[in-house]
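In terms of this note's numbering, the sequence shown opens at residue 13 and continues consecutively. By construction, the Cβ of each residue, glycine as well, lies at the ideal position given by its N, Cα and C atoms. Read the structure below first, then the notes.
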Amino acid sequence: MKTLPIYMKRWLETNGRTRTLPGDTWYLNFANEALPLLAASSLFADKTADKITRTALNTALYFQDAIAQTGGWQAFTTRHRMLYGQPLPFYACNDYIDDEINRDDVCFLLWKSLSDVHPSFHFQNPHEEALLILAGQLYDRMDTLFEEAPINDVPSPEAWVMNLELLETPSVPLPEVTPGSRLTKDAERCLQYSQGYPLLYFATYNELRAFLTGTLQWEDHPDGILADLKDEKNFVIYANAKGMLLAPGVAACFRDSRNPAYDARTAAAEGYELFCLPGRCPFDLLKYGMHYDLLPDTALPFTGGREVLQQNWNFITRYFLGEYYEGD
Numbered sequence: 013m014k015t016l017p018i019y020m021k022r023w024l025e026t027n028g029r030t031r032t033l034p035g036d037t038w039y040l041n042f043a044n045e046a047l048p049l050l051a052a053s054s055l056f057a058d059k060t061a062d063k064i065t066r067t068a069l070n071t072a073l074y075f076q077d078a079i080a081q082t083g084g085w086q087a088f089t090t091r092h093r094m095l096y097g098q099p100l101p102f103y104a105c106n107d108y109i110d111d112e113i114n115r116d117d118v119c120f121l122l123w124k125s126l127s128d129v130h131p132s133f134h135f136q137n138p139h140e141e142a143l144l145i146l147a148g149q150l151y152d153r154m155d156t157l158f159e160e161a162p163i164n165d166v167p168s169p170e171a172w173v174m175n176l177e178l179l180e181t182p183s184v185p186l187p188e189v190t191p192g193s194r195l196t197k198d199a200e201r202c203l204q205y206s207q208g209y210p211l212l213y214f215a216t217y218n219e220l221r222a223f224l225t226g227t228l229q230w231e232d233h234p235d236g237i238l239a240d241l242k243d244e245k246n247f248v249i250y251a252n253a254k255g256m257l258l259a260p261g262v263a264a265c266f267r268d269s270r271n272p273a274y275d276a277r278t279a280a281a282e283g284y285e286l287f288c289l290p291g292r293c294p295f296d297l298l299k300y301g302m303h304y305d306l307l308p309d310t311a312l313p314f315t316g317g318r319e320v321l322q323q324n325w326n327f328i329t330r331y332f333l334g335e336y337y338e339g340d
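This is how it looks when you write it as structure tokens:
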């Protein structure tokens, strides 16, 4: 794909500045040097010219931050390390050096550039061979230029890698029922019905409707109770200290001996949606499933996707679910 040169105005906008610094021309030239390398990769074959340009700019931003040891890249890796004990998700970081450029950094940078949150959701395989090759090429070029790269003394925008508030949202304990819990009537009846087990599964709407009107004593309606769910299936009810939540279309993913709707193939093919699409699954239910190992077959849709999801699910949900992470 043919790409147009990047001009200083775009570089300054990316940095959130209007005033040029002595090193800006150098980093702008590096971004333009990266453009044809990115455009030639199969990873960008179906991407827009603007996405390629933004990836080149982000690569230059990373290089600028790595040299100055300030800015958004440092803010991101610092917060990620505080949460997870290492600077990056997806990669082992065995040979990571904090005050140097790192090949794993460039891999993650490409993953970020190629992945998209809802509604244009796409999860790039962070270990795809083409990504690793391209990251190596970009890293090698930065390594060659490392000693001559100038220090810009104004940090890049703190949130250019991702919204850092998503890494600051605290993980809260599950709303588990304890002897002193004051339960809603619905939650209490659910737990009486299940003999204390918090999850209930219903394969069809009619099964759910019978439970709601019978056991929970909800008033029925001629058009059906919760009529907007008539066309749904595979329901899960989670009775907890907050109350009772109901999730349609997720039961097939929960490997639980009490769940007749469980289907391993559906879990493997579609389970990633629970972690990546806002509103697809209530977060408390997702968190319960991961805590009690009820979602072991869920996987991202690429080779090795199960390991990537299972090992990084907390970061993935923060990144893709946004305000739905730990949301009610």
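- Shown here, Asp240 sits in a helix according to DSSP, grouped into three states.
- Under the three-state reduction of DSSP, Val248 is assigned to strand.
- Looking at Asp198, Tyr39, Tyr217, Pro185, the one whose alpha-carbon comes closest to that of Met256 is Asp198.
- Within the same chain, and ignoring the five residues on either side of Pro260 in sequence, the residues whose Cβ sits closer than 6 Å to its Cβ are Leu241, Glu244, Phe247.
- Using a Cβ distance threshold of 7 Å, Thr26 and Leu50 do not count as a contacting pair.
- By the criterion of at least three beta-carbon pairs nearer than 8 Å, the segment 58-76 is in contact with the segment 118-127.
- Counting C-beta pairs with one atom in each stretch, the segment 137-150 and the segment 309-323 have three or more that are closer than 8 Å, which means they touch.
- Counting the other CB atoms within 10 Å of its CB gives Thr310 a total of 16 or more, which places it among the buried residues.
- The C-beta of Ala87 has 16 or more other C-beta atoms within 10 Å across all chains shown, which makes the residue buried.
- In the DSSP assignment, Tyr213 falls within the beta strand (DSSP E) that extends over 211-214.
- When the Cα atoms are used, Asn326 and Cys265 turn out to be separated by approximately 18 Å.
- Look at Leu312 here: in three-state DSSP terms it is coil, with no helix or strand label.
- Non-local C-beta neighbours of Leu203 in its own chain, meaning closer than 6 Å and more than five positions away in sequence, comprise Ala251, ordered along the chain.
- In this model, Glu159 and Ala276 are separated by some 52 Å (Cα to Cα).
- Given a length threshold of 4 residues, each whole run of the alpha helix (DSSP H) inside the segment 27-63 is given here in chain order: 36-51.
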